[in-house]
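Asks:
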Amino acid sequence: MGLRRLLPRILEIVSPQTPEPSQRLERVFAYMVAAVVGASILAFIAVMIGTAAGAGADDGFSQGVWPFVFMFPLIGLPIGFVLIIALMVVSSLRRSRAARENKR
Numbered sequence: 001m002g003l004r005r006l007l008p009r010i011l012e013i014v015s016p017q018t019p020e021p022s023q024r025l026e027r028v029f030a031y032m033v034a035a036v037v038g039a040s041i042l043a044f045i046a047v048m049i050g051t052a053a054g055a056g057a058d059d060g061f062s063q064g065v066w067p068f069v070f071m072f073p074l075i076g077l078p079i080g081f082v083l084i085i086a087l088m089v090v091s092s093l094r095r096s097r098a099a100r101e102n103k104r
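Here full-length UniProt numbering is used: the first residue of the sequence shown is 1, the next is one more, and so on.
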């Protein structure tokens, strides 16, 4: 019987308080980073496979969809880096605001 009374109290002490809900802006940034960087990596892999298959021979990368696929990692990866920086800034601002509120 003593354990039944102690268990809720132990769980109250050990378990963290209600977790902070993830903000929508942070989730949007995280998904944007994943999408842009993932698509850039897929485009890079496609260029490598295309080169191995001979698509680059005789100026093959300047036709069809290849110019876009070839240039996408050059633009997408820096955009992904900027989005990661923005995600870090937004997250740190939220955490500092929460810390200030908990301090009061």
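Beta carbons are placed, not taken as given, at the ideal position from N, Cα and C, and that holds for glycine. Please read all numbers here as calculations on a predicted model, not as lab measurements.
Ignore the nearest five residues each way along the sequence and tell me which others in Ser40's own chain have a CB closer than 7 Å to its CB.
Replies: Phe72, Pro73, Gly76, Leu77 and Gly80
Asks: On the CB-based measure, 16 or more other CB atoms within 10 Å of its CB, does Phe29 come out buried or exposed?
Replies: buried
Asks: In this structure, does DSSP put Val47 in helix, strand or coil?
Replies: helix
Asks: Can the beta-carbon of Ala83 be found less than 9 Å from the beta-carbon of Glu26?
Replies: Note on identity: in this sequence residue 83 is Leu, with Ala being the wrong assignment. The answer is no: Cβ separation not under 9 Å.
Asks: Helix, strand or coil, according to DSSP, for Arg104 in the structure here?
Replies: coil
Asks: For Phe70 versus Ala43, is the C-beta distance shorter than 9 Å?
Replies: yes
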